[in-house]
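In the numbering used here, the protein residues as written are 12 to 300.
Below you can see the structure in the form of structure tokens.
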């Protein structure tokens, strides 16, 4: 699987369950990204207020980091020396434990941010780049043909329109094209990124995708309140990749199983199922497969 339950610390393939896993890049060293958090079931985080573009975050709402540094996520920008303001409308989310804050968009469009892991579809190519769609509402992201592990001009991937890749946002500016890459430029390794072959892509809300990427705690309890993948993984072998742009790629042993998993995820997202509701839906779906 190209998504691990602990996005920050994933280093090796998890072979302990029937659900295939593959590691996810540790991106915090180069481009700190806010933790994948959601208000539900997260005691250290609070939804404090709604901000509009241009409004400043009150200083009394800022977390107090132990090392003197804050991590800013999507929707916020820093203006020296100490002003933090909103670049888009959203609910302010604060994780005091990790000294991180960002804006949550309940059902809005995805806003690319450096460090985000995304699922992109190739639209067309030029001599040196691929133009990829992140969402129907954003301009194409640029993927360099050499932005893959261990490739050269002679061995670069031959991607065509419609192909899907798992990538990381390496550049995001309001005035320039978004750039993505399929390897960690700090290590030169793919670390789980690259072309996603086969499978199917399902759309969910970006906020739900972030909940999926939160993983589980030490007791195995879902931090984001989404247990669909864990419940299905006990019965069905599959591979999954989750993009913060609201895309989930699923591949399993059959089309029927793949569709089932995608429908369960979309049902949990759109229906707002609680944990018990998700378990009941999974149990019923498995009986019908």
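All C-beta atoms in this analysis are idealised placements derived from N, C-alpha and C, irrespective of residue type, glycine included.
Quantities reported herein were computed from a predicted structural model and do not represent experimental measurements.
Where does the unbroken beta strand (DSSP E) through residue i begin, and where does it stop?
i: residue 188; result: 187–193
i: residue 144; result: 140–144
i: residue 263; result: 258–263
In terms of residues, what are the limits of the alpha helix (DSSP H) holding residue i?
i: residue 280; result: 266–282
i: residue 287; result: 286–299
I'd like to confirm the pairing. Which residues does DSSP put opposite residue i in its beta bridges?
i: residue 177; result: 130 and 205
i: residue 88; result: 96
i: residue 111; result: 82 and 106
i: residue 159; result: 193
i: residue 65; result: DSSP lists no partner for residue 65.
i: residue 136; result: 141
i: residue 124; result: Answer by DSSP bridge pairing: none, since residue 124 is not bridged.
i: residue 184; result: 187
i: residue 152; result: 143
Since I believe residue j is in contact with residue i (beta carbons under 8 angstroms), could you give me their beta-carbon distance rounded to a whole number of angstroms?
i: residue 122; j: residue 85; result: 5 angstroms
i: residue 276; j: residue 259; result: 6 angstroms
i: residue 239; j: residue 271; result: Their Cβ separation, rounded to whole angstroms, is 10 angstroms, which puts residue 239 and residue 271 out of contact at 8 angstroms.
i: residue 151; j: residue 142; result: 4 angstroms
i: residue 222; j: residue 236; result: 7 angstroms
i: residue 102; j: residue 61; result: 5 angstroms
i: residue 154; j: residue 112; result: In fact, because the Cβ distance is near 30 angstroms, the residues do not count as touching under 8 angstroms.
i: residue 273; j: residue 216; result: That belief does not hold up - the Cβ atoms of residue 273 and residue 216 are roughly 14 angstroms apart, past 8 angstroms.
i: residue 220; j: residue 254; result: 6 angstroms
i: residue 80; j: residue 100; result: With 8 angstroms as the limit, residue 80 and residue 100 do not qualify as a contact, their Cβ atoms being about 26 angstroms apart.
i: residue 268; j: residue 247; result: 5 angstroms
At least 3 beta-carbon pairs within less than 8 angstroms: the segment 143–153 vs the segment 90–109: no
Contiguous beta strand (DSSP E) assignments of at least 3 residues, all confined to the segment 195–255: 205–207, 211–214 and 249–254
Cβ contact check for the segment 121–138 and the segment 174–194: 3 or more pairs under 8 angstroms: yes
Contact between the segment 149–167 and the segment 193–203 (3+ Cβ pairs under 8 angstroms): yes
Cβ pair count under 8 angstroms reaching 3, the segment 181–192 against the segment 219–229: no
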